[in-house]
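A short worksheet on the structure shown next.
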Amino acid sequence: MGTLSFLARRFVAGETLEEGIDAVRTLNVGGVMATLDVLGENVSNEREVEAAAASYIELLRAIGRAKIQSNVSLKLTQMGLDIGEDYCLGVMRRIVAEAMQHNNFVRIDMEGSAYTERTLHLFQELYSKFPNGVGIVLQSYLHRSEEDARKMALLRAPVRVCKGAYKEPTSIAYQDMDDIRRSYRSMVEVLLKGGSHVGIATHDERLLRWVVEWTGKENVPRSQFEFQMLYGLRRKRARELASQGYAVRSYVPFGTHWLPYFVRRLRERKENIFFVLKSLVTD
Ligand code: FDA
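Read in our numbering, the sequence shown has 217 at position 217, and its numbers run on one by one without any break.
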């Protein structure tokens with residue numbers, strides 16, 4: 001690996017499938033499940049989409065063979081959304097059908113706001129055919145997301161709730177952290193009360209504590225939600241929640257197209273830059 005990829009290692013499990021699987025094995029030993037992500041986004045030709053789809057099919061088979069606790073996460077722009085919605089739906093049907101054969105599950109990540117509507121639409125198409133095989137993500141920084149959460153709760157669709165990682169304008173997205181947290185809490189409440197399975201994707205201690213407290217107070221079954229964190233972040237906290245009997249899942253990206261993912265992580269929090277620099281000395 002070159003110097004930059006060496007730095008990215010703080011957040012990326014490696015470049016190969018084997019490295020991804022190995023990272024999941026280690027997490028599983030600590031009681032933490034995983035979702036594996038083959039890095040890639042905004043693929044613009046069918047040849048590249050086919051390659052990305054094949055890598056997910058191979059990944060689903062490898063997870064089955066390795067008997068590890070992991071589902072998969074992917075981005076629709078990696079599966080041809082920029083080429084066409086029908087085309088992307090066809091590719092996704094193949095991947096979700098493969099997942100179902102292995103009793104596994106595909107989480108569709110949410111990307112920038114240019115894709116929100118199409119992603120939700122395509123998800124609903126897939127969900128109507130594979131209700132146990134596919135889930136979606138909603139971002140609490142978007143003004144629209146509380147309404148989307150209500151719709152998803154009515155469908156009892158599995159939803160990962162996150163704050164959102166893309167730069168969005170004030171006309172459509174909250175910029176203030178208190179607003180983003182308020183929206184986050186309201187979405188989680190609506191979804192859990194509606195019966196959806198919820199992925200609580202955050203490293204934010206205030207939200208983590210609120211979820212523990214609120215779900216306890218409301219007697220929400222622990223089987224109805226799981227904490228989700230990104231590979232390399234808050235590892236101790238993840239293991240601690242797992243040891244307290246909560247379901248915890250780590251998002252484990254691997255592959256050669258790690259740059260946009262890595263840049264989003266660095267932009268998110270200045271401490272992440274510190275982690276990376278520290279790993280140069282200590283890891
Ligand atoms: P944020 O970075 O806002 O931090 C808030 C506070 O939390 C900090 O001030 C600190 O107190 C605490 N904290 C955070 N990190 C810490 C650390 N490492 N150690 C100690 N304290 C820490 N985005 C998207 O747009 N689409 C998607 O599909 C996904 N998918 C996704 C999956 C998973 C599993 C996760 C965890 C996240 C995503 N995201 C995402 C990214 C998400 O939208 C968001 O950008 C990041 O999670 C950062 O927001 P947080 O809520 O984690 O904390």
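Positions of the beta carbon are idealized from the N, C-alpha and C atoms, including for glycine. Every value quoted in this text rests on a predicted model; they were computed, and no experiment measured them.
Should ASP176 go down as buried or exposed, given a rule of 16 or more other Cβ atoms within 10 Å for buried? exposed
In terms of DSSP beta bridges, what is CYS162 paired with? GLN139
Name the two residues that bound the continuous alpha helix (DSSP H) containing ARG144. Bounds of any alpha helix (DSSP H) do not take in ARG144, whose DSSP letter is neither H nor E.
With a threshold of 6 Å, establish whether the CB of VAL137 neighbours any heavy atom of the ligand FDA. yes
Apart from the five residues just before and just after VAL134, which ones in its own chain have a Cβ nearer than 6 Å to its Cβ? VAL96, VAL106, LEU126, TYR127
Can the beta-carbon of MET33 be found less than 7 Å from the beta-carbon of ARG249? yes
One question on the structure: do ILE108 and PHE130 come within less than 7 Å of each other, judged by their Cβ atoms? no
Using DSSP with H/G/I as helix, E/B as strand and the rest coil, what is ARG38? Residue identity differs from the one stated: residue 38 is Val in this sequence, not Arg. VAL38: strand per DSSP, three-state reduction.
If you compare alpha carbons, which of LEU207, VAL211, LEU192 is closest to ILE180? LEU207
Could you give the residue range of the alpha helix (DSSP H) that holds LEU89? Counting along the chain, the alpha helix (DSSP H) containing LEU89 begins and ends at 85-101.
Confirm, please, whether the CB-CB distance from GLN78 to VAL29 is below 7 Å. no
Contact test: GLN228 Cβ vs the ligand FDA heavy atom, cutoff 6 Å: yes
In three-state terms, what does DSSP make of ILE21? helix
With burial defined as no fewer than 16 other Cβ atoms inside 10 Å of the residue's Cβ, what is the status of PHE11: buried or exposed? buried
Start and end residues, alpha helix (DSSP H) containing PRO253: Taken as a continuous stretch (DSSP letters only), PRO253 belongs to no alpha helix (DSSP H), being part of the beta strand (DSSP E) at 248-254.
Residues that SER70 bridges to, as DSSP identifies them: ALA34
Smallest Cα separation from ASN104: which of GLU117, ILE83, GLY64, GLY112? GLY64
So, with DSSP's three-state summary, where would you put LEU81? If DSSP states are grouped into helix, strand and coil, LEU81 belongs with coil.
Could you tell me the alpha carbon to alpha carbon distance between VAL276 and LYS270, rounded to whole angstroms? Near 10 Å, if we compare the C-alpha coordinates of LYS270 and VAL276.
Relative to the ligand FDA, is the shortest distance from any of its heavy atoms to the C-beta of HIS257 smaller than 6 Å? No.
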